[in-house]
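Notes follow the structure.
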Amino acid sequence: MANKRVREVYNDGIFKIKKQATVRNEAGKKTGVTDKTVASLRFRNMTIRESDITTMQALDSKITKKIKTPIHPISRDFTSSDFFAVIGSSKYNVTYVDTDDYSAFLYLEKVGDYTER
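When you read off a place in the sequence shown, starting at 1, and then add 53, the result is the number in the numbering used here.
See below:
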């Protein structure tokens, strides 16, 4: 009998992937900054292992939360500093992304509270 993939359940919440966009007037002068939602994905909380902490220390980062989500095309660009994640009213920087064929593990560092602009 062939091995079948077990379906994952991502029912711990929804997080938003956002990108900062500069708002300019007709003359091209910067008038402000707004946050644009790129994607909304369901996630599952994961436990932070000792090896995860060691890996983040090697990258000079701290890990506050680790989540698992279905793979999304934007996950390849998460290492860019343009993107950040919002869970509830908290803002997180994505410090590291580990992927397999079906899912992505996001290592998040909390940077503060988030309010819609």
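Quick reminder that beta carbons are idealized off the backbone N, C-alpha and C, glycines included.
Open item on the list: Give me, in chain order, the residues of the same chain whose beta-carbon lies closer than 6 Å to that of Tyr149; leave out the 5 immediate sequence neighbours on both sides.
Closed with: Residue numbering aside, residue 149 sits at position 96 when the sequence shown is read from its first letter. Tyr160.
Task: Sub-8 Å separation of Lys118 and Lys163 beta-carbons - done: On the sequence shown, position 65 is the one that residue 118 refers to. On the sequence shown, position 110 is the one that residue 163 refers to. The answer is yes: Cβ separation under 8 Å.
TODO: Use the C-beta contact count for Ile106: other C-beta atoms within 10 angstroms, 16 or more gives buried, fewer gives exposed.
DONE: By 1-based counting over the sequence shown, the position of residue 106 is 53. By the 16-neighbour rule on beta-carbons within 10 angstroms, Ile106 is exposed.
TODO: Spell out the partners DSSP gives Gly85 in its beta bridges.
DONE: Locating residue 85 in the sequence shown gives position 32, counting from the first residue. For Gly85, which the question treats as bridged, DSSP gives the partners Val76.
TODO: Drop a sphere of 10 angstroms on the beta-carbon of Leu94, count the other beta-carbons inside from all chains shown, and report buried for 16 or more, exposed for fewer.
DONE: In the sequence shown, the residue the question calls residue 94 occupies position 41. Classification of Leu94: buried, given that the 10 Å Cβ count is 16 or more.
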